[in-house]
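Okay, structure first, notes after.
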Amino acid sequence: MKLGLALPTFGPDACPEGILRVCRTAEDMGYDSLWTGDRVLAPYVPGAPCPSGDGEMPRAHENHMDPLVALTFAASHTTRVHLGTSTLNGLWLPPIMLARALTTLDLLSRGRLIVGFGLGWMPDEYTAVSMPWKGRGARLDETLDVLEEYWAGDVFSHRGPLFTIPETVVGLKPRQRPGPPVLLAAFTPGGLRRIGRRLDGWLPVAIPIAHLMDMWDVIQKEAVQADRDPSALRMALRVNPRLTDTRTAPDQMPRAGTLAQYVDYARAAAEAGVHELFVDFGQTPASLTERVDLADRFIEGVRRG
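Residue 428 is where the sequence shown starts when you use this note's numbering, and the numbers rise one by one after that.
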């Protein structure tokens with residue numbers, strides 16, 4: 428199982444020095460990937476509760492970087508690690524602009540981009556970018572159509588229910604062909620069907636392993652029904668540790684536990700067949716130095732197993 432680490436693109440360490448330190452130490456430690464998230468608003472009272480933890484938005488999100496710009500910076504200071512979004516709210520940009528940005532980043536990183544999409548949880552952000560909250564599934568499907576068409580041909584045009592793009596020559600192509608892998612964060616039946624039928628993989632957040640693999644089985648069955656190879660799909664599992672000083676009860680994991688418990692969780696995920704697991708220590712109150720130390724201890728513990 429590959430291991431990844433979240434970049435400090437939220438909170439007080441969202442700065443060039445913070446990203447540089449994590450980039451360099453992650454490659455030295457042997458991590459396989461680096462990840463960023465996406466945020467455009469941090470209201471005191473969001474229009475919907477945050478889907479993780481106690482429903483409160485992490486106040487670190489008040490300080491947020493553009494995920495694609497941050498990954499471009501990380502690409503210029505790394506040589507090996509893959510660079511992923513978990514998640515990029517791809518519906519906030521017109522699809523043609525999104526296609527150009529992702530293609531550019533894949534080229535500049537020499538083919539290391541992993542595109543992880545999400546649909547978001549806060550209607551306020553859709554209001555801020557003048558996009559409708561309703562109809563997100565249909566908008567995602569057409570956005571995926573545009574990306575596939577843009578990456579496939581030298582001449583491209585699109586006419587759909589939501590977007591019209593006049594014919595154009597497309598000279599810029601991503602390093603990865605036919606395009607960078609596109610994963611989706613989803614837990615609804617419709618989202619799992621969409622992953623199995625047309626995407627490259629799944630971006631779940633840590634839940635008990637048995638439940639996780641039951642949902643993965645649904646995705647695999649959908650792939651078979653769509654005449655796709657289920658073994659070609661991949662799962663990249665996000666873990667947001669809430670670290671405690673003493674061991675928590677089994678029913679509290681993976682919501683909260685000691686670092687050793689999260690190491691055990693990662694080992695169990697590897698045994699279950701998870702392809703990649705990445706951890707975000709930025710959700711803890713630790714300093715950047717402490718988070719780097721946690722990352723070192725985490726990868727050593729998992730690899731020892």
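For each residue, glycine too, the CB sits at the ideal point set by N, CA and C.
Keep in mind that this is a model prediction, so the values were computed, not measured.
Taking the Cα of P485 as reference, the smallest distance to any Cα among V706, G438, M524 and V596 is reached at G438. The beta carbons of E698 and L664 sit no closer together than 9 Å. The beta-carbon distance between V597 and D581, rounded to whole angstroms, is 6 Å. This is short enough to meet the 8 Å contact definition. If you check the CB distance, A579 and P608 do not come in under 9 Å. The beta carbon of F500 sits closer than 8 Å to those of P443 and I446, all from its chain and outside the five residues before and after it, given in chain order. Cα atoms of A722 and D493: separation of roughly 23 Å, rounded to the nearest angstrom.
By the criterion of at least three beta-carbon pairs nearer than 8 Å, the segment 653 to 664 is in contact with the segment 617 to 632. Secondary structure note for P522: its alpha helix (DSSP H) is the uninterrupted segment P522 to L535. The segment 497 to 514 and the segment 551 to 562 do not touch, with fewer than 3 CB-CB distances between them shorter than 8 Å. If you ignore the 5 residues before and after V645, its C-beta comes within less than 6 Å of the C-beta of L619, all in its own chain and listed in chain order. In this chain, the beta strand (DSSP E) harbouring K429 covers K429 to A433.
In chain order, L434, T436, P494, A497, L498 and T512 place their CB closer than 7 Å to the CB of T463, counting only its own chain and leaving out the 5 sequence neighbours on each side. Beta-bridge annotation (DSSP): A663 is paired with E703. In the three-state scheme derived from DSSP, where H, G and I count as helix and E and B as strand, I592 is classed as strand.
Beyond the five residues adjoining it in sequence on each side, M680 comes within less than 7 Å, by CB distance, of Q688 and Y692 in the same chain, given in chain order.
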